[in-house]
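Chains as they are written, first to last, in the working numbering: chain A, 1362 to 1713; chain B, 24 to 314; chain C, 2 to 276.
Here is the structure:
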């Protein structure tokens, strides 16, 4: 049940919600559409579902053109951010709804609903109404309702967005386990990078109606394709191309900003080869790690993460003079075609 | 549970019509709604305009410059001027009590206040006659001090108050509840007394709701017919309100006079609706009760 | 009067209590008691005889059947209007929305005058029916028209907010599960709407049952034909028949109370599924 999105775009009035977009989602995968609000991720999901019709392009699901098929003919399961449960129906009736519409025999429906209630661990609550359940339970019911009709594709629109942090975390790993059991091709929308990285096989990062990068969690983190991805996934230091220090980073001429991950900045108390001097500006304990703000000689601020062990070893204090080494940095040069090229310029501090 | 051990329920995609209520439903429903509103609500208004002016403006002016008309207008305004302030004062007190206090019988008190909405105006008038009429509870006593209530202004004022009693309470309670009591408590910790709290904290907060309630009270008081008609005795020029004047004139085939008075009442009603819309826009609130 | 409740600080503000209770006692409770006490001036047999006299029974019948007819028509049309106002965007929507309140704001006597003119034999609408021998004004049909007019806003204004709160996602969910427009309406949209439609109909019915101003003008007030209960009370009062008026008044009062109870129940039912 692969999904091929070919040249799809969508405009709402003056607002170009989705630029012409191409994407292939292979069968059985759990894919996250990740991006800030307004990036077009929900629009893309709704276009796949058939709740919106694209202005251009085509949607091919399982080698069949679905572009002009109605949402009801696509056999997709859709899970909404605010559950959209039928409030006047019990949990059982909610889950059974799609099956009743398809006129399955009563006994088969009953069995299927029972199976699904077991699956979402709400076996005892089938006769309650949605209003009597917690947010996490409601979202599980919404999932069961979508799964009941055995959709070829499961689409989830910010499924955990309305839940509090703890429940969200639980439900997230539950969704991952669920997907490992029922290998239905799934696409979910999220603005939470942690969620996307934890749950998804593949992450599609979107910004301003365009796809910035498609890849696994490791790929998008280690080899970000664009400055946006680099900044959106994880924390990053940006050294402006105008900064005098930028020249020290590379032998080649710099026309672009330099991006450095905080964990690639190592601190030494004494000068070592290929280090530059800096001053400790602030020390912010962040739980498992400690964030150190460093001021360089040209007043550029760099952030570094150090472990508690290293922190004690270095005996860091505010206003202390230290020496730093940048193990890895990245620039994005714009090609003539408009794309980005990634250059790893400074590995293991070789450019200092 | 695994996907492969489930019974195969899934049908192949069938060819079905579009899900949104189809393209034809929308214009049909809009046309139906507009036609109904046109016939039921707007056509009567057009009739009024036509009937008031189709003989020219002169007969209309003659019809409404009689002394009967003028005294009916005055009486209507007098009754409104009595009922609105009293019910506003009561409404504020009752709303405060009901929104800020929790006491046994609160729900009962709320339903009691709602009663005038569901009692027929004629029954309301009847009650007042039974209370203050010649054979009523207070009849003999009122006769002894020579104070006329029934067939006179006091009775009509009481009837108007009765009919319009719930409006202010009904509009103010939800606003008060929404506001919560934290701000009043904060003012109290800053040393404000009850009076200062009311004027400087509570009133500014509830002003739109209050205005709404006053507006509804006002509109209903101007137009009340049944209850007032029962206690008025409709003595020409003495106990006729504008609505009673409309009815009497119509029954006496003075159509021009009836439509003249009706036009005045409709103008008042329409200005009520317009002010209501303006308040609604200003405050973003909607009415909780209806006239 | 100092009313004190533990933990509450309003000793100096206890006068709102005095005003509330005093006002309600004098202006609301006393009149109701005066009416109810009339029961005791009659023996149960006399009371029953007046309450169920043929003229009274005919008046109840006209009142309730006609009011029910008005509530039914408005139940359907009011729901459609609410739907159109909430779901569709069309030029003049705001104006139409404001016009719904017209019967609330229009004095009932004026409504009666306008309807009597419009539906009389020579009226714009009345003359359309005259060739078929159908008279509207000054018949039971006229009473029905008046009741339709005054009760329309109740249904629209009760259904509108409930419809507004129905999330469109719920409909999308139904479609994504394969439901047709008809199935979506009857199985997903209508059930949560139904209590509010019934509530609106009950409110409109209650108002129509008590209506006097517009009906007295648009009807002839002839017993057994188009005489409604409130007009009968008025006629009895004009004949100084206070017990006759009171008995029917009590019947109407009791029915009003029962309706109020029903409406409360309906509203609770409507809240049942809300979170």
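Built from N, CA and C at the ideal position, the CB exists for glycine as well.
{"query": "Determine whether the Cβ of residue 1560/A lies closer than 8 Å to any Cβ atom of chain C.", "result": "no"}
{"query": "Sorted by chain position, which residues of the same chain lie with C-beta nearer than 7 Å to residue 178/B's C-beta, five sequence neighbours on each side aside?", "result": "151, 155, 172 and 254"}
{"query": "Using the three-state DSSP reduction, which class does residue 1419/A fall into: helix, strand or coil?", "result": "strand"}
{"query": "How big is the Cα-Cα spacing for residue 1409/A and residue 1594/A?", "result": "25 Å"}
{"query": "Can you tell me whether residue 124/C is buried or exposed? The criterion is at least 16 other CB atoms within 10 Å of its CB, across all chains shown.", "result": "buried"}
{"query": "Using beta-carbon positions only, say whether residue 220/C and residue 271/C come within less than 8 Å of one another.", "result": "no"}
{"query": "For residue 1466/A, does the three-state DSSP call read helix, strand or coil?", "result": "coil"}
{"query": "Return the bridge partner residues of residue 1518/A from the DSSP annotation.", "result": "1550/A"}
{"query": "What does residue 1643/A pair with, by DSSP beta-bridge criteria?", "result": "1654/A"}
{"query": "Around the Cβ of residue 257/C, are there at least 16 other Cβ atoms within 10 angstroms (buried) or fewer (exposed)?", "result": "buried"}
{"query": "Is residue 128/C close to chain A, meaning its C-beta is less than 8 Å from at least one C-beta of that chain?", "result": "no"}
{"query": "So with Cβ pairs under 8 Å, would you call residue 207/C a contact of chain B?", "result": "yes"}
{"query": "Any idea which residues DSSP pairs residue 1367/A with across the strands?", "result": "1419/A"}
{"query": "At the level of alpha carbons, what is the spacing between residue 75/B and residue 208/C?", "result": "29 Å"}
{"query": "Where do the ends of the alpha helix (DSSP H) carrying residue 1660/A lie?", "result": "First-last for residue 1660/A: undefined, no H or E at that position."}
{"query": "Would you call residue 1554/A buried or exposed, if buried means 16 or more other Cβ atoms sit within 10 Å of its Cβ?", "result": "buried"}
{"query": "Could you check whether residue 1567/A and residue 1411/A sit closer than 8 Å to each other, using their CB atoms as the reference points?", "result": "no"}
{"query": "With DSSP as the reference, please indicate the residues paired to residue 1394/A in a beta bridge.", "result": "1550/A and 1565/A"}
{"query": "Whose Cβ in chain A lies nearer than 7 Å to the Cβ of residue 184/C?", "result": "1462"}
{"query": "When you compare only the Cα positions, how much space is there between residue 1363/A and residue 1392/A?", "result": "12 Å"}
{"query": "Roughly how many whole angstroms lie between the Cα atoms of residue 44/B and residue 88/C?", "result": "Residue confidence for residue 44/B is low, a pLDDT of 48 falling below 50, so the modelled location carries little weight and cannot support an answer."}
{"query": "Just the Cα atoms here: how many angstroms apart are residue 188/B and residue 201/C?", "result": "22 Å"}
{"query": "In chain C, which residues lie less than 7 Å from residue 158/B when you measure between Cβ atoms?", "result": "243"}
{"query": "Check whether chain A comes within 8 Å of residue 254/C, counting only Cβ atoms and requiring the distance to be less than that.", "result": "no"}
{"query": "Just checking: is the beta-carbon of residue 191/B within a distance shorter than 8 Å of some beta-carbon in chain C?", "result": "no"}
{"query": "Grab me the residues of residue 129/C's own chain with a C-beta within less than 7 Å of its C-beta, minus the 5 sequence neighbours each way, in chain order.", "result": "none"}
{"query": "Determine the closest residue to residue 176/B out of 97/B, 81/B, 283/B and 281/B, with distance taken between C-alpha atoms.", "result": "97/B"}
{"query": "Using beta carbons (cut-off 8 Å, strictly below), is residue 191/C in contact with chain B?", "result": "no"}
{"query": "Can you look up residue 1627/A in the DSSP assignment and give me helix, strand or coil?", "result": "strand"}
{"query": "With a floor of 3 residues, list each beta strand (DSSP E) that falls wholly inside the segment 108 to 170 of chain C, ordered by position along the chain.", "result": "none"}
{"query": "Compute the distance between the beta-carbons of residue 261/C and residue 199/C, then report whether it is under 8 Å.", "result": "no"}
{"query": "Give the residues of chain F in contact with residue 137/C, contact being defined as C-beta atoms less than 7 Å apart.", "result": "Going by chain labels, chain F is absent from the structure shown, which instead holds the protein chains A, B and C."}
{"query": "Starting from residue 1382/A, follow the beta strand (DSSP E) in both directions and report where the run begins and ends.", "result": "1376 to 1386"}
{"query": "When burial is assigned at 16 or more other CB atoms within 10 Å of the CB, is residue 179/C buried or exposed?", "result": "buried"}
{"query": "Extract the residue ranges of the alpha helix (DSSP H) inside the segment 77 to 147 of chain B, only unbroken runs of 4 or more that lie entirely within it.", "result": "80 to 86, 90 to 123 and 129 to 141"}
{"query": "Going by DSSP in three states, residue 195/B sits in which element: helix, strand or coil?", "result": "helix"}
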